[in-house]
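Enquirer: Let me begin by handing over the structure; questions about it come next.
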Amino acid sequence: MRKTSLLAGLFLIVLTATGQAEEAKPFLTNTDVDLTAILPSPPANDSAKTKAEIAEVLTMQLTRTPEMEARAKADAEENVWRFADVMGPKFTKETLPKLDAFFERVAATEGAVVDPAKDTWKRPRPHMLSDMVKPIVKPSTSGSWPSGHTTVGTMMGIILSNMVPEKRPEIMARAWEYGNNRVVAGIHYPSDIEMGRISGAVIASNLQHNAEFEAEYNAAKAELRADLGM
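Written out as structure tokens, the structure reads:
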């Protein structure tokens, strides 16, 4: 029995070291929140709306500054640590393990809810309809509607601001920038961002009724507020 336990422990260590550890489990999936029953369908590829949005993306491509480009590239990461610039220097992965694990599950929830909706609508991204669009982040061919980055950024903003209401205005402004940076990066249309914000708010609201979420939220909140001296 002891030998079996030792082997199991070694196997777990190997998996972790090779990056094959168990992925974060979502709190909800698309069976709990069906975005196809909530959001409208995206504009047609040849519609006046889509053509106007491609023009907006191209205008941004011409007017974005090097600083805007740098922030948009950095915001390609989907994790809560992108909020460090408004949360302060103590907001680090190393000092907040419970918060880190909690938000990994929040991010997994976004994928479990949003990806099936993207696959249903299959809206082509701007660079797929116009070769004039040059994304400054890794190009993607997954569905564009709604923006997954914006969805998770909105979710993270809402949840973080509930944990630290003292910083709510700064946190939500950062969440809005996180979404806007997908247009700056040339990888989404403005309406994708709007739908992502709606999706993020809807999912965040539904999470409030999930017992697992509530338990992990309370533990992560306590850890965060203690770390920030609040």
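Under mature numbering (1 follows the signal peptide of the UniProt record, and there is no 0), the residues of the sequence shown are numbered -21 to -1, 1 to 209, in order.
All C-beta atoms, glycine included, are put in the ideal place defined by N, C-alpha and C.
With residue 211 and THR88 assumed to form a contact (beta carbons below 8 Å), what rounded beta-carbon distance in angstroms separates them?
Expert: Here the chain covers residues -21 to 209 and nothing more, so residue 211 does not appear.
Enquirer: Ordered along the chain, which non-local residues of its own chain (more than five positions away) have a Cβ less than 8 Å from that of ILE150?
Expert: Numbered from its first residue, the sequence shown carries residue 150 at position 171. So the qualifying residues of the chain are PHE62, VAL65, MET66, GLY136, LEU139, SER140 and VAL143.
Enquirer: Check for me: the alpha helix (DSSP H) holding GLU1 runs from which residue to which?
Expert: What you label residue 1 is simply residue 22 of the sequence shown in a count that begins at 1. Where GLU1 is concerned, there is no enclosing alpha helix (DSSP H), given that its DSSP letter is neither H nor E.
Enquirer: Going by alpha carbons, who is nearest to HIS106 out of ALA96, ASP13, THR120 and LEU18?
Expert: Numbered from 1 along the sequence shown, position 127 holds the residue referred to as residue 106. HIS106 has its Cα closest to that of THR120, out of ALA96, ASP13, THR120 and LEU18.
Enquirer: In this structure, does DSSP put SER123 in helix, strand or coil?
Expert: As a first step, residue 123 must be located in the sequence shown, where it is residue number 144. DSSP places SER123 in coil when its eight states are reduced to three.
Enquirer: Less than 6 Å between C-beta atoms, sequence neighbours within five positions excluded: which residues of the same chain meet that for VAL131?
Expert: As a working mapping, residue 131 is identified with position 152 in the sequence shown. Correct list, in chain order: GLU57, ALA86 and GLU89.
Enquirer: Taking the alpha carbon of ASP171 as the reference point, which residue from ALA183, TYR157 and SER184 has its own alpha carbon closest?
Expert: Translated into the one-based positions of the sequence shown, residue 171 becomes position 192. That would be TYR157, whose Cα lies nearest to the Cα of ASP171.
Enquirer: Tell me the rounded alpha-carbon separation between LEU78 and MET47.
Expert: Residue mapping note: residue 78 aligns to position 99 of the sequence shown, counting from 1. Residue mapping note: residue 47 aligns to position 68 of the sequence shown, counting from 1. Cα to Cα, the separation comes out at about 28 Å.
Enquirer: On the DSSP letters alone, give me the boundaries of the alpha helix (DSSP H) that ALA201 sits inside.
Expert: Numbered from 1 along the sequence shown, position 222 holds the residue referred to as residue 201. Element bounds for ALA201: 190 to 206.
Enquirer: Count Cβ pairs between the segment 190 to 207 and the segment 8 to 21 that sit closer than 8 Å; are there 3 or more?
Expert: As far as the Cβ criterion goes, the segment 190 to 207 does not touch the segment 8 to 21, which means the pair count is below three.
Enquirer: Let me make sure I understand the geometry here. Which of THR74, ARG50, PRO19 and ALA80 has the alpha-carbon closest to that of GLY208?
Expert: If you number the sequence shown from 1, residue 208 lands on position 229. If we check each option's Cα against that of GLY208, THR74 comes out closest.
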